[in-house]
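Residue numbers (my numbering), protein chains in the order written: chain A, 1 to 292; chain B, 293 to 585.
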């Protein structure tokens with residue numbers, strides 16, 4: 001028995017292929033990508049060593065800082081929207097709809113599975129102004145208001161994008177947090193409500209503190225997702241107008257595949273990766289202090 | 293909780309009962325609004341996809357369609373190449389799912405059930421991949437695939453989807469394998485089964501449900517992927533559904549609303565059907581990945 005479970009050849013057969021694919025397609029490329037940050041060029045034109053030039057350029061690149069600022073703003077707005085609305089929905093499911101919430105939960109979750117490109121195409125039609133009015137402008141006109149070029153201006157484009165991604169994902173966080181609410185033992189709530197805590201006070205002093213760990217992981221998950229936003233932006237606004245809605249991911253993509261600057265693209269990618277790690281670490285630190 | 297609420301309700305006065313009624317009408321309205329917000333864009337998409345061209349020009353965009361104008365679908369399917377994109381998406385998704393499952397279950401089996409030094413380190417190495425953004429490896433992968441002539445080849449996509457599916461799924465499957473009773477495995481081996489036979493005939497059937505869940509979750513990731521297929525595939529003949537849709541919208545989206553809506557509907561409908569048929573499983577699969585990752 002023991003001998004069979006220790007058979008090194010069998011271990012290799014089972015874990016070898018997975019480890020090989022993982023190393024070739026993920027691990028080695030990560031190291032490779034860090035290496036690229038010291039070079040400039042492309043797969044086709046060849047590479048030259050440039051030392052820290054890419055990092056120096058990064059510091060002075062206004063477009064990079066714009067993209068970083070957009071990513072940050074987007075992360076803050078969309079993540080708080082997703083988690084906050086998710087929480088409100090979860091509370092609604094658990095305390096108001098109770099056992100009847102299953103249909104509502106199913107419907108609220110379903111934008112989560114839709115392809116982003118399709119969602120973005122729908123939203124660009126919803127908010128269209130030309131050649132035909134989309135629904136939003138048609139309704140504005142119905143009320144005698146002026147149609148707005150939603151995707152033609154930086155600020156409104158930002159908000160359409162944010163609304164779209166909140167719409168897409170809030171059902172996900174709702175279900176996640178609802179699962180957490182269901183797990184709260186009934187007798188804790190019972191005892192608290194016998195002590196006179198009800199309605200919002202019950203939520204504030206009993207439910208939310210118990211939910212903090214799950215809220216933090218939702219937030220980390222959401223912030224990581226919004227920092228990596230790519231499909232929605234590319235399909236809805238293509239980063240425009242101008243550079244107004246260009247996040248780090250799209251900036252990296254443009255530098256790499258339109259300008260063929262692999263070294264610089266990799267440097268931006270490295271910044272994005274570090275930013276994701278930093279955000280997660282900060283949230284973890286915050287969480288630990290909060291729980292202790 | 294439920295019992296205290298009902299007890300409280302029984303002792304309420306008529307005034308607060310009326311207030312309760314107003315509140316519940318308000319809540320009902322709110323929930324109705326919520327459902328409209330969630331569902332309406334999709335219903336609008338489906339309705340718009342069967343509108344004739346003149347309806348877009350002469351009627352407000354929120355008007356109901358006059359009838360079924362299936363020509364939109366025919367146009368999108370043939371002239372818009374959606375049939376090709378569909379085929380490619382299937383050709384990429386199915387092998388990727390098969391390989392992700394096979395490789396991650398067997399890796400998890402060796403890590404969780406077999407006994408060898410370093411298996412915890414290997415699990416940690418896999419786990420490290422969960423946090424890595426795609427952008428970090430996009431350029432090296434592009435270079436590698438360029439050199440080994442895998443650009444414009446669906447194999448490049450399959451390979452990358454598999455690698456990106458591994459970290460989370462190896463981790464999830466080690467979790468699923470933990471509660472598998474070792475006695476069953478032992479008795480199979482005592483009866484003379486090799487470790488491979490034991491794996492295929494004892495362990496695999498036991499994690500059958502988890503396999504379905506994981507396959508479903510991965511299906512949505514792969515079917516909905518844009519960035520990888522955009523980067524590695526440039527030939528129209530090899531585009532997958534999302535990249536194809538993106539170029540379709542770019543090409544026809546401004547002028548031909550009908551076929552555009554039909555094309556969008558085509559990329560949405562399979563996902564929608566799968567979700568409505570298996571929604572509990574989908575929700576479980578997607579959320580379990582999130583909490584653990």
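The beta carbon of each residue, even a glycine, is placed where N, CA and C say it ideally should be.
Note that the structure is a prediction, hence the values are computed from the model and not measured.
> Would you call the region 358 to 375 of chain B and the region 470 to 490 of chain B in contact, with 3 or more CB pairs under 8 Å?
Replying inline: No, the region 358 to 375 of chain B is not in contact with the region 470 to 490 of chain B.
> Distance, Cα to Cα, residue 157/A vs residue 368/B?
Replying inline: Mapped onto the first chain, residue 157/A falls at position 157. Mapped onto the second chain, residue 368/B falls at position 76. One C-alpha to the other measures close to 28 Å.
>> Just to confirm before moving on: does the CB-CB distance between residue 136/A and residue 159/A stay below 8 Å?
In response: Start at 1 with the first residue of the first chain, and residue 136/A comes out as number 136. Start at 1 with the first residue of the first chain, and residue 159/A comes out as number 159. Against a cut-off of 8 Å, the Cβ pair of residue 159/A and residue 136/A comes out as no contact.
> Nearest to residue 48/A by alpha carbon, out of 35/A, 59/A, 22/A?
Replying inline: Here residue 48/A corresponds to residue number 48 of the first chain, with the count starting at 1. The option with the nearest alpha carbon to residue 48/A is 35/A.
> To the nearest whole angstrom, what separates the beta carbons of residue 220/A and residue 280/A, a pair I think is in contact under 8 Å?
Replying inline: One-based indexing of the first chain puts residue 220/A at position 220. One-based indexing of the first chain puts residue 280/A at position 280. Sure, about 5 Å apart at Cβ, within 8 Å.
> Comparing the C-beta of residue 265/A with each C-beta of chain B, is any distance below 8 Å?
Replying inline: Counted from its first residue, the first chain places residue 265/A at position 265. Proximity of residue 265/A to chain B, defined by a Cβ-Cβ separation below 8 Å, is satisfied.
> What whole-angstrom Cβ distance do residue 425/B and residue 73/A have, given they're in contact under 8 Å?
Replying inline: As a first step, residue 425/B is located in the second chain; it is residue number 133 there, counting from the start. As a first step, residue 73/A is located in the first chain; it is residue number 73 there, counting from the start. The distance from the Cβ of residue 425/B to that of residue 73/A is about 18 Å, inconsistent with a contact at the 8 Å cut-off.
> What residues of chain A sit near residue 369/B, judged by a beta carbon separation below 7 Å?
Replying inline: Taking the first residue of the second chain as position 1, residue 369/B is located at position 77. The premise fails here: residue 369/B is roughly 16 Å from chain A at the closest Cβ pair, so nothing lies under 7 Å.
> List, in order along the chain, the chain B residues whose C-beta lies closer than 9 Å to that of residue 112/A?
Replying inline: Locating residue 112/A in the first chain gives position 112, counting from the first residue. Listed along chain B, the residues sitting closer than 9 Å to residue 112/A by beta-carbon distance are 512, 567, 574, 575, 578.
>> Could you pull the DSSP bridge partners for residue 41/A from this structure?
In response: Counting from 1 along the first chain, the entry for residue 41/A is found at position 41. Its beta-bridge partners are 47/A.
> CB-CB under 6 Å to residue 540/B, same chain, minus the five flanking residues each way: which ones, in chain order?
Replying inline: Taking the first residue of the second chain as position 1, residue 540/B is located at position 248. Contacts found: 372, 555.
> Do you know offhand how far residue 522/B's Cα is from residue 226/A's?
Replying inline: Numbered from 1 along the second chain, position 230 holds the residue referred to as residue 522/B. Numbered from 1 along the first chain, position 226 holds the residue referred to as residue 226/A. Rounded to whole angstroms, the gap between the alpha carbons of residue 522/B and residue 226/A is 20 Å.
> By Cβ distance, which residues of its chain are closer than 7 Å to residue 529/B, with the 5 residues on each side in sequence left out?
Replying inline: What you label residue 529/B is simply residue 237 of the second chain in a count that begins at 1. Within the same chain, residue 529/B has close Cβ partners 376.
>> Suppose contacts are defined by Cβ-Cβ distances below 8 Å. Is residue 499/B in contact with residue 468/B by that definition?
In response: Residue mapping note: residue 499/B aligns to position 207 of the second chain, counting from 1. Residue mapping note: residue 468/B aligns to position 176 of the second chain, counting from 1. Yes.
>> So within the region 393 to 443 of chain B, which uninterrupted beta strand (DSSP E) runs reach at least 3 residues, ignoring any that extend past its ends?
In response: Given a length threshold of 3 residues, the region 393 to 443 of chain B has no whole run of the beta strand (DSSP E) inside it.
> Given 8 Å as the limit, is there contact between the region 114 to 126 of chain A and the region 511 to 526 of chain B, that is, 3 or more CB pairs closer than that?
Replying inline: By the Cβ rule, the region 114 to 126 of chain A counts as touching the region 511 to 526 of chain B, because three or more pairs are nearer than 8 Å.
> Just how far apart, CA to CA, sit residue 200/A and residue 443/B?
Replying inline: Indexing the first chain from 1 puts residue 200/A at position 200. Indexing the second chain from 1 puts residue 443/B at position 151. Taking the CA atoms as reference points, residue 200/A sits about 57 Å from residue 443/B.
> Could you give the distance in angstroms between the alpha-carbon of residue 275/A and the alpha-carbon of residue 561/B?
Replying inline: Within the first chain, residue 275/A is the residue found at index 275, counting from 1. Within the second chain, residue 561/B is the residue found at index 269, counting from 1. Note on geometry: alpha-carbon atoms of residue 275/A and residue 561/B lie some 36 Å from one another.
>> By alpha-carbon positions, which one of 241/A, 172/A, 268/A, 234/A ends up nearest to residue 84/A?
In response: Counting from 1 along the first chain, the entry for residue 84/A is found at position 84. Comparing alpha-carbon positions, the option among 241/A, 172/A, 268/A, 234/A lying closest to residue 84/A turns out to be 172/A.
>> Helix, strand or coil, according to DSSP, for residue 152/A in the structure here?
In response: In the first chain, counting from the first residue as 1, residue 152/A sits at position 152. Three-state result, residue 152/A: helix.
>> Between which residues of its own chain and residue 222/A is the CB-CB distance below 8 Å, once the five residues before and five after are set aside?
In response: Here residue 222/A refers to the residue found at position 222 of the first chain. 78, 79, 82, 83, 169, 173, listed in sequence order.
>> Mapping the DSSP letters down to three states, classify residue 253/A as helix, strand or coil.
In response: Walking along the first chain from the start, residue 253/A turns up at place 253. Looking at residue 253/A - three-state DSSP - the assignment turns out to be helix.
>> I'd like to know if residue 283/A contacts chain B, where contact means its C-beta is closer than 8 Å to some C-beta of that chain.
In response: Sequence index remark: in the first chain, residue 283/A carries index 283 (1-based). It does not; no Cβ of chain B falls within 8 Å.
> Rounded to whole angstroms, how far is the Cβ of residue 129/A from the Cβ of residue 100/A, which I believe are closer than 8 Å?
Replying inline: To locate residue 129/A, count along the first chain from 1; it is residue 129. To locate residue 100/A, count along the first chain from 1; it is residue 100. Residue 100/A and residue 129/A do not touch by the CB rule: their CB atoms are close to 41 Å apart, not below 8 Å.
>> Less than 8 Å between CB atoms is the rule here; does residue 502/B satisfy it with respect to chain A?
In response: One-based indexing of the second chain puts residue 502/B at position 210. Not an interface residue.
> Between the region 9 to 23 of chain A and the region 390 to 410 of chain B, do three or more beta carbon pairs fall short of 8 Å?
Replying inline: Contact between the region 9 to 23 of chain A and the region 390 to 410 of chain B is present, because at least three Cβ pairs lie under 8 Å.
> What alpha helix (DSSP H) runs, 4 residues minimum, are completely inside the region 448 to 533 of chain B?
Replying inline: Taking only runs of at least 4 residues, the alpha helix (DSSP H) segments lying wholly in the region 448 to 533 of chain B are 474 to 482, 487 to 490, 500 to 515, 519 to 524.
>> Assuming residue 72/A is part of the alpha helix (DSSP H), what are its boundary residues?
In response: Here residue 72/A is taken as the residue at index 72 of the first chain, counted from 1. Element bounds for residue 72/A: 62 to 91.
> Alpha carbon to alpha carbon, what distance is there between residue 366/B and residue 347/B?
Replying inline: Here residue 347/B corresponds to residue number 55 of the second chain, with the count starting at 1. Here residue 366/B corresponds to residue number 74 of the second chain, with the count starting at 1. Put simply, the backbone Cα of residue 347/B is about 18 Å away from that of residue 366/B.
>> On the criterion of 16 or more Cβ atoms from any shown chain inside 10 Å, does residue 62/A qualify as buried, or is it exposed?
In response: Position 62 of the first chain holds residue 62/A. Counting Cβ neighbours within 10 Å, residue 62/A comes out exposed, since fewer than 16 surround it.
> Which of the three DSSP states, helix, strand or coil, is assigned to residue 387/B?
Replying inline: In the second chain, counting from the first residue as 1, residue 387/B sits at position 95. If DSSP states are grouped into helix, strand and coil, residue 387/B belongs with the helices.
>> Give me the chain B residues within the contact set of residue 33/A, using Cβ-Cβ distance strictly less than 7 Å, ordered along the chain.
In response: For this step, residue 33/A is matched to residue 33 along the first chain. When 7 Å is used as the limit between beta carbons, residue 33/A is near these residues of chain B: 428, 429, 431, 432, in chain order.
>> Beta carbons nearer than 8 Å to chain B: which residues of the region 3 to 21 of chain A have them?
In response: Within the region 3 to 21 of chain A, the residues whose Cβ lies closer than 8 Å to some Cβ of chain B are 4, 5, 6, 7, 8, 10, 11, 13, 14, 15, 17, 18, 19, 21, listed in chain order.
> Which chain B residues sit within Cβ distance under 7 Å of residue 43/A?
Replying inline: By 1-based counting over the first chain, the position of residue 43/A is 43. For the C-beta of residue 43/A, the chain B residues within less than 7 Å are, from N- to C-terminus, 434, 435, 438.
> Which same chain residues, not among the five before or five after residue 249/A, have their C-beta less than 7 Å away from its C-beta?
Replying inline: In the first chain, the residue the question calls residue 249/A occupies position 249. Apart from sequence neighbours up to five positions away, the residues of its chain that approach residue 249/A with a beta-carbon distance below 7 Å are 228, 229, 230, 272, ordered along the chain.
> What does residue 554/B reach in chain A if we use C-beta pairs closer than 9 Å?
Replying inline: Along the second chain, read from residue 1 onward, the residue named residue 554/B stands at position 262. Neighbours of residue 554/B on chain A: none; closest Cβ ~11 Å, over 9 Å.
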